[in-house]
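Numbering (my numbering), first residue to last: 49 to 781.
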């Protein structure tokens with residue numbers, strides 16, 4: 049017998065003795081492998097021969113040959129520490145009491161359908177140079193992979209599809225080169241992947257599609273930053289606790305097939321995190337330094353708590369920078385940073401930055417969400433409030449926030465938001481306030497004809513309380529709130545609306561609001577047209593900057609009950625503003641302004657407005673109309689100053705009487721003997737229809753004939769204008 053054979057016999061004897069006693073058998077890890085070699089066949093035999101012994105415990109052994117327990121039932125604890133295996137342990141369909149492979153090095157592990165009655169421990173430096181296959185395995189305890197290193201030469205590092213764990217999956221600081229597959233897994237506890245590094249570039253780094261986790265999913269910075277080079281799949285996952293990716297770093301180069309988006313173009317998504325239809329009873333935390341170089345997909349996800357994005361950086365910066373290098377061009381392929389169409393968040397959506405718990409200062413802005421590409425929240429529903437204050441959205445030339453039909457139960461905070469691109473909130477429903485105070489909206493989306501779309505498009509939106517666009521609010525493409533409904537106040541005080549390529553600075557057609565604040569100073573003139581057509585407001589506060597809009601102001605059917613300005617503006621100034629913004633006469637704005645003054649008890653101001661209305665009306669008619677208007681203006685004040693007619697009648701009566709006092713006329717008929725009365729004659733000529741017994745009794749000649757004819761004409765004119773004025777008075781009454 050050779051020395052090697054004698055050494056092998058000695059090892060076999062020691063293994064049998066240790067196994068029989070249930071004690072550990074330790075080998076010197078510094079010794080040559082042949083001195084530590086233990087035959088796998090022997091270990092398999094001992095574990096399956098039916099011996100009633102305690103356990104198999106080996107430390108530092110080098111297992112040669114197959115360690116095969118396929119289909120075997122093992123009633124002994126199997127504990128390997130710092131051992132090496134020449135061949136992958138074969139545990140397929142085995143039934144084990146417990147298995148520990150701490151610090152062991154294996155060329156792979158075959159464990160499909162294995163059943164473990166307690167914890168399955170593959171941690172503390174466990175290293176596999178091949179795939180670890182635990183597909184359909186069942187563990188009545190915890191699967192421990194903390195600190196494990198899985199280096200697969202193929203596409204998969206860990207295959208654990210449909211694995212069932214009554215406990216948790218502990219994989220803190222796991223290192224995996226290849227896909228970690230947990231598709232359809234059922235975990236009774238939590239999944240801990242904090243500090244793990246999963247690398248499978250261009251493919252899936254973690255596939256947890258349809259996973260069910262009773263506890264929490266931690267992919268955070270516990271044990272180091274969680275890093276994934278490849279896509280994370282969580283679509284259809286069910287998590288009873290929270291999903292935490294705080295501080296995680298995701299990088300993916302998997303480009304999904306582009307899909308058509310409304311209204312035009314395609315969505316260009318390179319997804320890093322895919323969580324379509326995920327259901328989470330707790331919170332979803334993608335915050336505190338969370339970084340994703342690809343799209344984060346959460347469409348139709350259901351989150352029982354809050355969704356937190358504060359401090360996250362999401363999207364493909366390189367693609368967005370290419371858009372910035374071609375300003376003014378129409379964008380057809382739209383990079384997407386966050387895709388959360390149809391998401392349901394039962395708590396708050398939090399993306400703002402914070403300093404010591406409050407939003408103030410540059411530190412808060414630095415810790416807010418940064419998105420490179422479009423943020424999609426179409427048909428999303430947030431029961432609480434959604435805070436995007438201080439968020440920076442980068443998407444020049446696109447709808448950088450696409451949130452049609454967004455529903456927010458509380459307040460939507462967009463305060464101090466910085467966006468290169470447009471915000472689209474069509475048909476949104478905001479239960480409380482839409483706060484855009486201090487927001488800066490630049491580089492709006494462009495139409496195919498090169499014109500820009502509104503920087504903020506909230507048409508047909510419903511806001512329960514206030515719509516705030518003040519305190520330095522800037523919208524280069526203007527604001528569209530067409531047919532919107534605002535419960536209390538809509539304010540644009542101090543806002544800067546419109547830009548060089550914008551046609552409409554503010555489109556508020558059909559807006560319904562209680563208080564409309566358009567207090568714009570002379571250095572805050574809207575660039576473009578302001579449309580206030582069919583706006584209905586209880587009170588309006590305006591300023592000179594509004595009425596100096598470069599494109600004019602449309603005020604047809606603009607109705608309100610009171611209007612004021614700070615500092616106070618007189619009626620003459622308001623009439624001048626109306627003349628400047630209405631090159632073509634329309635009576636509605638004058639009627640509205642006059643009604644406001646009249647309801648406020650200022651009848652004289654109301655009459656001034658009506659006089660201006662009639663003056664503009666007749667000034668745009670033909671020559672005859674302008675003459676008739678001139679006569680009405682200076683005789684009866686268009687019916688609003690009927691006393692003028694009496695004054696003119698009195699003046700002409702006195703003048704006529706004075707003439708006829710010195711020029712008595714001969715009788716027209718010798719058969720009659722009328723008494724000459726210059727005063728009655730002048731009055732009879734001036735007043736039509738009424739006969740005072742002087743008209744038709746005298747023969748007029750010379751100048752008296754012209755004077756009598758003039759008095760008759762003046763009488764008819766004054767009587768007609770007085771009648772028209774009386775009709776207007778009666779109509780107003």
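Where is the CB? At the ideal position from N, CA and C, for every residue including glycine.
Buried or exposed: where does residue i fall if 16 or more other Cβ atoms within 10 Å of its Cβ makes it buried?
| i | result |
| --- | --- |
| residue 616 | exposed |
| residue 437 | buried |
| residue 753 | exposed |
| residue 60 | exposed |
| residue 515 | buried |
| residue 371 | buried |
| residue 80 | exposed |
| residue 407 | Bear in mind that the predicted position of residue 407 carries a pLDDT of just 45, short of 50, making it unreliable; the figure below should be weighed with that in mind. Buried, since its Cβ has 16 or more Cβ neighbours within 10 Å. |
| residue 702 | exposed |
| residue 158 | buried |
Keeping to the same chain, check which residues put their C-beta closer than 7 angstroms to that of residue i; ignore five residues upstream and five downstream.
| i | result |
| --- | --- |
| residue 549 | 499 and 500 |
| residue 77 | 108 and 130 |
| residue 63 | 73, 86 and 90 |
Pick helix, strand or coil for residue i, following the three-state DSSP scheme.
| i | result |
| --- | --- |
| residue 546 | strand |
| residue 93 | helix |
| residue 483 | strand |
| residue 620 | helix |
| residue 614 | coil |
| residue 637 | helix |
| residue 392 | strand |
| residue 731 | helix |
| residue 592 | helix |
| residue 522 | strand |
| residue 254 | strand |
| residue 644 | helix |
| residue 170 | coil |
| residue 531 | coil |
| residue 81 | helix |
Which one of the options has the shortest CA to CA distance from residue i?
| i | options | result |
| --- | --- | --- |
| residue 144 | 183, 109, 103 and 172 | 103 |
| residue 537 | 430, 518 and 184 | 518 |
| residue 419 | 391, 339, 352 and 461 | 339 |
| residue 72 | 109, 520, 93 and 430 | 109 |
| residue 698 | 762, 293, 479 and 114 | 762 |
| residue 138 | 167, 92, 151 and 146 | 92 |
| residue 590 | 563, 599, 581 and 582 | 563 |
| residue 115 | 383, 556, 86 and 123 | 86 |
| residue 369 | 468, 597, 551 and 84 | 468 |
| residue 470 | 117, 227 and 502 | 502 |
| residue 319 | 357, 94, 203 and 249 | 249 |
| residue 224 | 95, 96 and 202 | 202 |
| residue 495 | 118, 444, 462 and 533 | 444 |
| residue 96 | 121, 367 and 106 | 121 |
I'd like to know whether the C-beta of residue i is nearer than 8 angstroms to at least one C-beta of chain B.
| i | result |
| --- | --- |
| residue 233 | Within the model displayed, chain B is absent; a lone protein chain is all it includes. |
For residue i, I'd like the list of residues in its chain whose CB is within less than 6 angstroms of its CB, leaving aside the five on either flank, ordered along the chain.
| i | result |
| --- | --- |
| residue 287 | 261, 265 and 328 |
| residue 322 | 281, 283 and 345 |
| residue 350 | 327 and 392 |
| residue 481 | 459, 513 and 514 |
| residue 359 | 335, 336, 337 and 415 |
| residue 105 | 72 and 127 |
Quick one, are the C-beta atoms of residue i and residue j less than 8 angstroms apart?
| i | j | result |
| --- | --- | --- |
| residue 524 | residue 547 | yes |
| residue 244 | residue 274 | yes |
| residue 162 | residue 188 | no |
| residue 199 | residue 218 | no |
| residue 447 | residue 389 | no |
| residue 578 | residue 561 | no |
| residue 31 | residue 439 | A query on residue 31 cannot be resolved here, the shown segment of the chain reaching from 49 to 781 and no further. |
| residue 472 | residue 450 | yes |
| residue 171 | residue 205 | no |
| residue 421 | residue 361 | no |
| residue 211 | residue 230 | yes |
| residue 208 | residue 182 | yes |
| residue 521 | residue 487 | yes |
| residue 435 | residue 396 | yes |
| residue 5 | residue 423 | Within the shown structure, residues of the chain are numbered from 49 to 781, placing residue 5 beyond reach of any answer. |
| residue 140 | residue 118 | yes |
| residue 271 | residue 220 | yes |
| residue 178 | residue 151 | no |
For residue i, is the beta carbon positioned less than 7 angstroms from some heavy atom of the ligand ATP?
| i | result |
| --- | --- |
| residue 703 | This structure lacks the ligand ATP; in fact it carries no ligand of any kind. |
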